[in-house]
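Numbering (the working numbering), first residue to last: 237 to 616.
Notes follow the structure.
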Amino acid sequence: MKKLNIGLIGYGFMGRAHSNAFRQANHFFDLKYQPVLKAACARNEENVRAFANSAGWESYETDWRKLVERDDIDVIDIAAPNNVHCEIAVAAAAAGKMVLTDKPLAMNGIEGREMVEAVKKAGVPNMVWYNYRRVPAVTLAKQIIDEGKLGRIYHYRANFLQDWTISTDLPQGGQALWRLDVNAAGSGVTGDLLAHCIDTAIWLNGGISRVSARTETFVKERFHNLTGKVEPVGIDDASLFMCDFANGSLGLFEATRYARGHKALYTFEINGQHASIKWDLHDAHRLEYFDHRDEGKLRGWRSIHVSDNGGDHPYMDHWWVPGLQIGFEHSFIHQVADFLKGLETGEVTQPDFENALITQNVCDAILSSGKSGQWVQVEN
Ligand SMILES: NC(=O)c1ccc[n+]([C@@H]2O[C@H](COP(=O)([O-])OP(=O)(O)OC[C@H]3O[C@@H](n4cnc5c(N)ncnc54)[C@H](O)[C@@H]3O)[C@@H](O)[C@H]2O)c1
């Protein structure tokens, strides 16, 4: 067993999800590498110490630069806001560390390209946590599409709906509210929510060539926690776009934080010549499938409970018995297991930085189209 010392930056939502994944992967997957929770890093000493203790990290740092300099760290894992991804990733690659970052890759394509160049120059393994690819039902959708069961694909439709920023009293900026601050997040729902939908879409249905978008900021000013003043809001509260895929299919996407009643409604539907599939994060273990080639009297939507552990359903042979489902956190465990397997086999685990840059470029094109009102070609 080869030990792989991890240095994690950020102890929030993703810091906890990543910690759990590093701890669990070897318990359920047969792997030659084993992550060691070496050091966690965040700026507040009291908080990061408490987190390191509860999540099982051996030590902690309060400055990410110290973590990057440490000789006993093999992998830097970035679970901090988007505005620090690029600087940390570039420094980590230059120090010869493997680099993992949560999504979106960066604030924009310019930073994303810098990150891609840095990891390529250093020749270090790298990966972005677009975890939905590793929800078994979504992975099954990929297998079904790759087997050609849908035939020619005509439509791809996706939504990611939330409602947590509707209140005009909600401040922007700082701990927990950095997503509303354009200087920390880079964009609003485009980079936060649509980025997930776009990564899944490109993985399942291929590249996006051009987009036409409509973005809106419903609440124009909010109190800023860092400046102590009411400041203009620079993020997109809602983002809708239509697009052309390179395979000739049409895409329609919507993300918002103003859909009252929805907390994290991520859904997609794909319509092909012979068959359609749809998936809903709220029923993450189910894949809906309709096949027109079925016998007429039995034709209808099938609801596949993706829990077979006999080998038919991706990842499920590592878990419980048929009929028992797994959850959100398992997609991160799968991603760690795949990354470690990739180190073993030499196969690049996707999405790497270069692959995640494609999604970043689509996000940039959406924001640009939202401003100009014009169709925008996606940079490749
Ligand atoms: N894959 C997913 O499903 C998913 C879900 C949520 C968030 N994310 C992404 O994960 C990243 C983190 O999001 P989150 O929800 O965990 O945020 P969070 O606000 O819960 O936690 C952010 C953490 O980063 C730390 N931090 C901030 N600036 C820092 C700095 N300069 N140095 C060290 N630590 C710093 C904070 O102290 C905090 O611990 C973001 O890029 C976000 O887009 C991905």
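C-beta: ideal position from N, C-alpha, C; glycine also.
Per DSSP, reduced to three states, the secondary structure at GLN398 is coil, with no helix or strand assignment. Counting only unbroken stretches of 3 or more residues, the beta strand (DSSP E) elements lying wholly within the region 453–498 are 457–459, 466–468, 474–481 and 486–492, in sequence order. If you check the CB distance, TRP300 and ILE380 do not come in under 8 angstroms.
Using a Cβ-Cβ distance cut-off of 8 angstroms, the region 422–432 and the region 573–589 are not in contact, since fewer than three pairs of beta carbons, one from each stretch, lie closer than that value. By the 16-neighbour rule on beta-carbons within 10 angstroms, THR404 is exposed. In its chain, beyond the 5 residues on either side, LEU440, ILE513, TRP515 and LEU523 have a beta carbon closer than 7 angstroms to the beta carbon of ALA377. Scanning the region 383–440 from its first residue to its last, the whole beta strand (DSSP E) runs of 3-plus residues come out as 389–397. The Cβ-Cβ distance between ASN344 and GLN610 does not fall below 8 angstroms. In this structure, VAL371 and LYS339 do not form a Cβ contact; the two beta carbons are roughly 15 angstroms apart against a cut-off of 8 angstroms. Rounded to whole angstroms, the gap between the alpha carbons of PRO558 and LEU406 is 44 angstroms. By a beta-carbon distance limit of 8 angstroms, ILE506 contacts TYR392. Their separation comes to about 5 angstroms. The C-beta of MET552 has 16 or more other C-beta atoms within 10 Å across all chains shown, which makes the residue buried.
DSSP places GLN260 inside the alpha helix (DSSP H), whose first and last residues are 249–264. Between the beta-carbon of PHE265 and that of HIS518 there is about 27 angstroms, and that puts the pair past the 8 angstroms contact cut. When DSSP states are grouped into helix, strand and coil, HIS541 belongs to the strand group.
Note that the C-beta distance between SER445 and VAL614 is below 8 angstroms. Around the CB of VAL466, fewer than 16 other CB atoms lie within 10 Å, so the residue is classed as exposed. Not one heavy atom of ligand 1 lies closer than 7 angstroms to the C-beta of PRO587. Here PRO271 carries a strand assignment [DSSP, helix/strand/coil]. Counting along the chain, ILE602 sits inside the alpha helix (DSSP H) bounded by residues 589–608.
Per DSSP, LYS514 is one residue of the beta strand (DSSP E) stretching across 511–516.
A Cβ-Cβ separation of about 13 angstroms leaves LEU501 out of contact with PHE489 under the 8 angstroms criterion. Residue range 345–358 is occupied by the alpha helix (DSSP H) that includes MET351.
A Cβ-Cβ contact shorter than 8 angstroms links TYR525 with ARG538. Judged by the Cβ position, ILE245 qualifies as a neighbour of ligand 1 at the 7 angstroms threshold, a heavy atom of the ligand being closer than this. For VAL374, the shortest separation between its Cβ and any heavy atom of ligand 1 does not lie below 7 angstroms. Of the candidates THR585, ARG458, GLY606 and LYS607, the residue whose Cα lies closest to the Cα of TYR366 is THR585. Straight through space, the alpha carbons of ALA358 and HIS254 are spaced by roughly 24 angstroms.
Look at MET351: its beta carbon is at least 7 angstroms from all of the heavy atoms in ligand 1.
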